[in-house]
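In my numbering, the protein residues as written are 65 to 148. Have a look at the structure below before the remarks.
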């Protein structure tokens with residue numbers, strides 16, 4: 065059996081960018097639904113982990129975990145580690 069081909073740097077970079085964008089949009093969506101009043105308390109959504117975009121292979125998400133960019137959580141969700 066041959067070794068699986070590791071994901072390319074370009075694929076990893078694109079997947080990480082897509083993950084961050086999905087996390088941001090998920091948080092914004094949750095925050096907009098927290099309160100129906102025109103003024104809000106400014107609280108964040110509290111969302112820290114999401115399902116990664118399925119456009120990318122699981123090997124890419126595993127590689128991002130190895131690189132220390134993401135943390136694997138339960139039920140196939142991932143958490144962003146470097147929130148800078």
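The beta-carbon is built from N, C-alpha and C at its ideal position, and this holds for glycine as well. Remember, it's a predicted structure, so these values are computed and weren't measured experimentally.
Contact check, residue i vs residue j, beta carbons under 8 Å
i: residue 76; j: residue 127; result: yes
i: residue 94; j: residue 69; result: no
Span separating the alpha-carbon of residue i from that of residue j
i: residue 88; j: residue 144; result: 11 Å
i: residue 134; j: residue 86; result: 14 Å
i: residue 168; j: residue 109; result: Outside the shown range of the chain, which is 65 to 148, sits residue 168, and nothing can be said about it.
i: residue 121; j: residue 74; result: 13 Å
i: residue 139; j: residue 130; result: 18 Å
Residues near residue i by beta carbon distance below 6 Å, same chain, minus five either side
i: residue 71; result: 123, 124 and 127
i: residue 152; result: Because the chain is modelled from 65 through 148, residue 152 falls outside the range shown and cannot be assessed.
Same chain, Cβ closer than 7 Å to residue i, five either side skipped, listed in chain order
i: residue 80; result: 128 and 133
i: residue 141; result: 113, 114 and 115
i: residue 136; result: 129 and 142
Residues near residue i in its chain [Cβ-Cβ closer than 8 Å; skip 5 each side]
i: residue 117; result: 79, 82, 83 and 86
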